[in-house]
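J.: Line order of the protein sequences matches chains A and B. So in this note's numbering, the last spot in the first sequence is 954, and the numbers never skip. So in this note's numbering, the last spot in the second sequence is 476, and the numbers never skip. Beta carbons are placed, not taken as given, at the ideal position from N, Cα and C, and that holds for glycine.
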Amino acid sequence: MNYRRNFCLLILWFTGTCAGLSATHSPTLEDLRKKGILESSLRKHSNLPAKTLSPKVNLEQFESEIQPILKAHCTPCHGPDKSKARLRIDELNPNLVKGNDADWWLEVQAVLSNGEMPPADEPEMPGLDRGKVMEWLSGEIRTASITRRATGGYSSFRRMTKYEYNYALQDLLGLPWNFARDLPPEAHSEDGFKNSSENLHMSVTQLETYRRIAKKALSRATVQGPKPSVIYWGGTMDEVGKVDWQKQAAKVEKTRQELEGNPEAQEQKIEQLFRDFQKTHRRPYFKNLQNGHTVPQSWSYGGARHALNPTDIPPAVPKSAGHVAIIPQGARQKLVVELGEKIPDEGILRVRVRASNNSKTKGNIPTMQLDFGWQASNEGRALMRVSDQDVEIDAPPEDPHFYQWDVILGDIYPRNSVRKTSRMGSTPSPSEHLRLVNNSVNKGEIQIDYVEVSGPIHDQWPPASHRRIFFESSQSSNENAYAREILMTFMPRAWRRSIADEEVNQKLVLFQTMRNDCETFEEAMIEVLATVLSSPNFLYLSRDGADIDSEKNPPKSSLLSQHELASRLSMFLWCSLPDDRLRNMARLGQLSNESTLRNEVSRMLEDARSERFTQEFVHQWLDMQLLDFLNTDNKLDTSLKEAMKLETILFFQEVLRHNESLLNFLHSDFTMANERLAKHYKLSNIKGSEFRRVRLNQASRRGGMLTHAGLLAMNSSGNDSNPLKRGIWMLESFLNDPPPPPPPAVPEIDLADPEIAKMTLKERIEDHRNHAACMSCHIKIDPWGIAFENYDSRGLWRAEINGKPVDSTSRLYNNEPLAGMLGLKRFLLKNRQDQFVLALTHKLCVFALGRPLTFSDRSLLEEIASSVRQKDDGLRALIMEIATSKLFLSK
Amino acid sequence: MNPASKLKITTLDRRRFLCGTGWALALPLFESLSLSKVLASKEKNTPKRLGCFYFPDGVPMPLPEDPAYKDWAWFPRGNGNDFEFTRTMEPLQDLKKEITVLSGLSHPAGRNVHGHNNADQFLTAAATGSGDMTYNNSISLDQLYAHHVGDQTRFASLVMSTDGGAGTARGAHTISFNRQGRAIPAENRPKQIFDMLFVKSDADAAKQLAHSQSALDDLLTDTRRLKKRLSSDDQARLDEYLQSVREAEIRVQKAKKWLNTPLPKVDGGKLNLEITPDEPRLYLQTMFELIYLAFKTDSTRVASYQIGRENGVGISDRLAKAVGFSAAHQLSHDTKQQGGWKNFGTYCRFLHEEYARFIQRLGQTPEPGGDGSLLDNTLLFFGSASSAFHLSRNYPLILAGGKSMGFTHGQYLNHTNGKAYQGGWKPGDPEPWTKKATQEDLPLSNLFVSMLQRLGVETEAFADSTGRLDGV
């Protein structure tokens, strides 16, 4: 009996072990993530070299140990007999400080650490040898990079980009308006960023545009004369639909008259008409609540007959409605509310709509979008969206609410250019209108019973933006003194530093010159302030050699001055000027204290302005302009495209906010979604247009940015996926290892060839690159892209293409297999964590410093990456590390 | 802001008026100007001029089987140096050796858009679209050239139209658009044009220039002070800004020079400056004459004139009175009626008569202080953005003048080989623009590239061009 029991125990133990073994044979992504962390060499990176006073190159070790290894394993292909990739490893100068081959050595380090070299079909390099070379190389790179910092590198001195200039004006003037529309857009640098110093130039055309924009912005922010009277429009659905109701009434009247002599037939016909009037419609329609009659809206521009009449006094809001308008769901379903020609040029137009949720299905909440448009003649017309976000119409029909939008009139382009010169009722029609759009994802219906519009709205007079510049002062009667006061407030904010007496005096001289010709004090002041905003002190993010407050920092220091640091911080985290508090701390020299600096960075990240950082950085890092340019169609509509964009940006923001690991970008168990995106991903029970955190399970086949629909869709070609685009994008954005550009004469794939037509995309690619010249680069690109093949041109999962099952397996350069997206993620989490962390750190630093990084920045970059790995890869921690790093604090 | 034709010049804010009408004055820095090379010395070369002209609603395109085809079809019969005009183009018969007719060109972005929307993009090639959507335009050919040569003359360009003002998006009353794609309002009153050119001097411009000068001085001081505090690498970067300020200052000097130069003396006695489009033939003659005078006195080297807006409904519709009809646009609709092609053709012929007169005038006037005639040194571009009914393909185009720039003329560059869409339309038919194209046009921007290059602009591209158009 013992034997049997022992035997059973033995079997149990055996199967248990096997189960245990098989468990270790298929680790989860989470397991791999943890394993990768433990094996990270960056994480174990020490900070020794920073303490070395005079770093020395280690040529002895190279000659005795490293050179023989390279000779044995590398020189055969990269030497005098064969020089693949045009690399002669035997000719590389091992002195990384004095020699010119530092960038090549970086390449060597990369391919050795990734296992790309030696290639899979060559004899393997023993682990010990590889380790020796790696260690020597890392040390030398660090040494050389530190030494070269003092001499080499790029400068951060640059002008502001278009978007930074716009934000700067917004913050300076206190208005969230689009001021910089007329500036030309920036190109992307090689690193992919718009704010890179190498790319930002200046021309006489641009100079004149800056001044013109500054003057216009100041004119928009300030006022002249008395407060303009407010114009009001109020419309019940009886009034908005007056033309349509009249037409219906005329129809009844016509029938009545036609059948005058025949009362029986008349009554019958009219009853028939009244029954017809009871039906619902597929487009926006009006409804009389008393008799249930409906009439669809047939708006036309001729004669401006649908326009509401404006009044000088606020119209009385009716308590209850006798008529309503119903807008069925559909982005094309728009109710027109015509307002005539009196809509002001500038200021805020307040639009209030009393509405409720008229959906038949419980749980459906419709969302409303606001458009502004006009039609002057048959062709002369335009329509554009003026609401930033859709508004959820959640009020029940028995208790409708007012929903409100504040529209920035001065930002609308084009307006109806004959609104002041043509007469109402004639053609061209000067009238303008609003359109209420039911932009719901689900079949929610919107019911409206009253619309009220008013403008220009000023909560105070003069407006806050005016008083920010022309503030109350005891000196206001003495023009020169007042001008000086205004300049002493405005200039430090604009120029982000203290202003010397001679600088103010110079501007006062300019003021006096202008004042002679200008009719008012304000007009002359605006000319001067526009000049302040055209000065290089405003336009350029300067590197002061001698700061005004130089007693706080010695001028010859390699560190940034306090004001320069404040500027760099606000450009990094807010894409704009420092605020008064940050400027003040700089003036008092408080930013040199590390813990004060950390607290400031925290405050800046908490501030709403840091959303600009998220938007701009993510958009540029991931090259999301490709998504902007993507054409919309029936399947990929505007709502979906916008939701796709927001998913990626808000995902980054969420990880930042909670200091979660940046490895979440490779794979995560959650994403950010709203109803529209959830519909696309087929995730259930997500209602409403707000984005929120959504848990993902394995079945969703999502997680991390590699499966974001928008990023997949933008790396596609028309109706099909594009593995090449995806591969290159992933290498560039996630591993900072972009492939070299294609050669000029690439032959086309002959799709007319019947053999080729039969192949799958993967087969075609393999066939196409089956040429020695193409193979060498493409063997490094294609396998990555093939892994994405299960995701189509709209980022949706597919198991088949044209009846054939999708083959998303591939082999990397070193023969490592990738099994689809899951395989790709496993590989990255297992082997490339360090490379990813370093890549993201690199990208953030390029953005933060506003310049490309070079070899001389390398060691400091590694320090930051290493620190953040030790802090569990927290994204917020990374930002903090960067903002307090030597790299950031130095010139 | 869009000043209406009704407003008098004296009651307007002059500065706004200057910005607001077709007068892109050669004011530097704070008005729009170009990026052209800064010339240290006065330009002594013979001027190179550009005139762009637009007429709406297309041209007669009867089918070959139609009896009206022989007399009234717009496009000539033949090809290359061997071609014949019909009665529509007959007024240009004597000028055959001075002109080039082109077919088979159009702007790709507008080919599937209803023709009435497309005056806006005739000189810009932008995707201005149609219907209830957003609107964006880009710089027009004439304004691009004006940036190049504008500071050589008192006025950078002259923008005119019969309907006046800017019109609206997709219903433009002008064919000139600035660098930001905004419509440049056109002037339509002969008296105002004459006064600006030859009578009134501009006190306001002097004030503007003085302001520019002061501001530039101030910016220069700022820059010098900042430069002292920078490393040498950073100084090099700031030099771009410094250079821009210097260029702007040179332009101020040039413009000031114009203010101090007396206006040209021109006898306006022969012109009826009170003429309106109610007397269409005289009105057109007067408008062309003003351009002629502006060119002759070198007041400007760039002019554009939109003879009529698309889709009638405006002043320009009444031009048909010259040949006994009330509405010009309606003629393009009534082609399938009795005598329809003839009527439409007769109106087109009238326009060509006045245009021919203008070309003759330039051809018979010697170039002041130079060689050849005014016409030899003036490139003229004349056409419409529609050929057949509402169809924005195969634009009817005529190039004239500019022989000193290398244009040979006397040819018909026929890029359609008979495959272009022909035929009228009657209610009930599907509209031609909704049908698939019968042949692939060349991009009109390619012609623009050739034109710009011959005008002396160093460029390889304009808007959506794919290269240059050879053979002109």
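Looking at chain B, is there any beta carbon in it that lies within less than 8 Å of the beta carbon of Ser440/A?
T.: Interface residue, yes.
J.: Does DSSP put Ala113/A in a helix, in a strand, or in coil?
T.: Confidence at Ala113/A is low in this model, with a pLDDT of 45, below 50, so its placement is unreliable and no value can be given for it.
J.: Are Leu571/A and Asn541/A touching if we call contact CB-CB under 8 Å?
T.: In this structure, Asn541/A does not lie closer than 8 Å to Leu571/A by Cβ.
J.: Thinking Phe733/A and Val757/A are a contact (beta carbons under 8 Å), I'd like their distance in whole angstroms, please.
T.: That belief holds up - the Cβ atoms of Phe733/A and Val757/A are roughly 6 Å apart, short of 8 Å.
J.: Any beta carbon from chain A within less than 8 Å of Thr438/B's own beta carbon?
T.: For Thr438/B, the answer is no, since every Cβ of chain A falls outside 8 Å of its Cβ.
J.: Show which residues of chain B have a CB atom less than 8 Å away from the CB atom of Gly443/A.
T.: Going along chain B in sequence order, the residues near Gly443/A (Cβ under 8 Å) are Gly171, Thr172, Ala173, Arg174, Gly175.
J.: Quick one: what's got a C-beta closer than 8 Å to Gln933/A's C-beta in the same chain, skipping five residues either side?
T.: Cβ within range, chain order: Arg106.
J.: According to DSSP, simplified to helix, strand and coil, what is Pro804/A?
T.: DSSP places Pro804/A in coil when its eight states are reduced to three.
J.: Within a Cβ cutoff of 8 Å, which residues of the same chain sit near Thr947/A, ignoring the five residues on either side of it in sequence?
T.: Answer for Thr947/A: Glu657, Leu660, Arg661, Val664, listed in chain order.
J.: Counting only the same chain and skipping the five closest in sequence on each side, list residues whose C-beta sits under 8 Å from that of Leu690/A.
T.: So the qualifying residues of the chain are Lys704, Met707, Lys708, Gly773, Leu774, Ala776, Met777.
J.: For Leu403/B, report the span of its alpha helix (DSSP H) as first-last.
T.: Per DSSP, Leu403/B belongs to no alpha helix (DSSP H); it is in the beta strand (DSSP E), 401 to 405.
J.: From the beta carbon of Met447/A, is the nearest beta carbon of chain B less than 8 Å away?
T.: Closer than 8 Å to some Cβ of chain B, the Cβ of Met447/A qualifies, so yes.
J.: I want to see whether chain B comes within less than 8 Å of Asp245/A, judged by CB atoms only; does it?
T.: With 8 Å as the cut-off, Asp245/A counts as an interface residue toward chain B.
J.: Between the C-alpha atoms of Phe715/A and Ser104/A, what's the straight-line distance to the nearest angstrom?
T.: Cα to Cα, the separation comes out at about 25 Å.
J.: Can you tell me whether DSSP reads Lys97/A as helix, strand or coil?
T.: Lys97/A falls in the helix class under three-state DSSP.
J.: With DSSP collapsed to three states, give me the class of Val306/B.
T.: Val306/B: strand per DSSP, three-state reduction.
J.: Going along the chain, which residues of its own chain have a beta-carbon closer than 7 Å to the beta-carbon of Met188/A, five neighbours each way excluded?
T.: Only His136, Pro181 meet the Cβ criterion.
J.: Classify Pro4/B: buried if its beta carbon has 16 or more other beta carbons within 10 angstroms, exposed otherwise.
T.: Outside the shown range of chain B (5 to 476) lies residue 4/B, about which nothing can therefore be said.
J.: Of all Cβ atoms in chain A, is any one closer than 8 Å to the Cβ of Asp468/B?
T.: Asp468/B does not count as touching chain A.
J.: Could you tell me which residues DSSP pairs with Pro359/A in its beta bridges?
T.: In the DSSP output, where bridge partners are listed per residue, Pro359/A has Tyr348/A.
J.: Could you say which of Ile520/A, Glu582/A, Asn600/A, Ser450/A lies nearest to Phe553/A if we only look at CA atoms?
T.: It is Asn600/A.
J.: Helix, strand or coil for Pro326/A per DSSP?
T.: Pro326/A falls in the helix class under three-state DSSP.
J.: Quick check: is the beta carbon of Asp580/A nearer than 8 Å to any beta carbon in chain B?
T.: Answer yes: the Cβ-Cβ gap between Asp580/A and chain B drops below 8 Å somewhere.
J.: Can you round the beta-carbon distance between Thr178/B and Leu323/B to whole angstroms, since I take them to be within the 8 Å contact cut?
T.: Incorrect: roughly 17 Å between the Cβ atoms, too far for contact.
J.: Which residue wins for smallest C-alpha separation from Glu409/A, given the options Leu497/A, Ala312/A, Glu495/A, Pro519/A?
T.: Answer by Cα proximity: Pro519/A.
J.: Distance, Cα to Cα, Arg556/A vs Thr225/B?
T.: Approximately 20 Å between the Cα atoms of the pair.
J.: With distances taken from CA atoms, which of Arg560/A, Ala593/A, Phe635/A, Leu636/A is nearest Ser605/A?
T.: Ser605/A has its Cα closest to that of Arg560/A, out of Arg560/A, Ala593/A, Phe635/A, Leu636/A.
J.: Using a Cβ-Cβ distance under 8 Å, would Asn568/A count as near chain B?
T.: It does not; no Cβ of chain B falls within 8 Å.
J.: Among the candidates Phe126/B, Lys430/B, Asp199/B, whose CA atom is the shortest distance from the CA of Tyr58/B?
T.: The option with the nearest alpha carbon to Tyr58/B is Phe126/B.
J.: Under 7 Å between beta-carbons, which chain B residues line up against Asn600/A? List them in chain order, please.
T.: In chain order: Asp226, Leu230.
J.: Within 10 Å of its beta-carbon, does Ala250/A have 16 or more other beta-carbons around it, so buried, or fewer, so exposed?
T.: Exposed: under 16 other Cβ atoms inside 10 Å.
J.: Can you tell me which of Glu93/A, Val414/A, Asn427/A, Asn177/A puts its alpha carbon nearest to the alpha carbon of Lys750/A?
T.: Among Glu93/A, Val414/A, Asn427/A, Asn177/A, the Cα nearest to that of Lys750/A belongs to Asn427/A.
J.: Considering Gln432/A, what are the terminal residues of the beta strand (DSSP E) in which it resides?
T.: Unbroken beta strand (DSSP E) run through Gln432/A: 430 to 438.
J.: Anyone know if the C-beta pair for Leu379/B and Leu403/B falls short of 8 Å?
T.: In this structure, Leu403/B does not lie closer than 8 Å to Leu379/B by Cβ.
J.: Use the C-beta contact count for Lys257/A: other C-beta atoms within 10 angstroms, 16 or more gives buried, fewer gives exposed.
T.: The residue in question, Lys257/A, is buried, as its Cβ has 16 or more Cβ neighbours within 10 Å.
J.: What residues in its chain sit with their C-beta under 7 Å from that of Pro463/A, if we drop five residues either side in the sequence?
T.: Result list for Pro463/A: Arg417, Ala418, Ser419, Asp512, in chain order.
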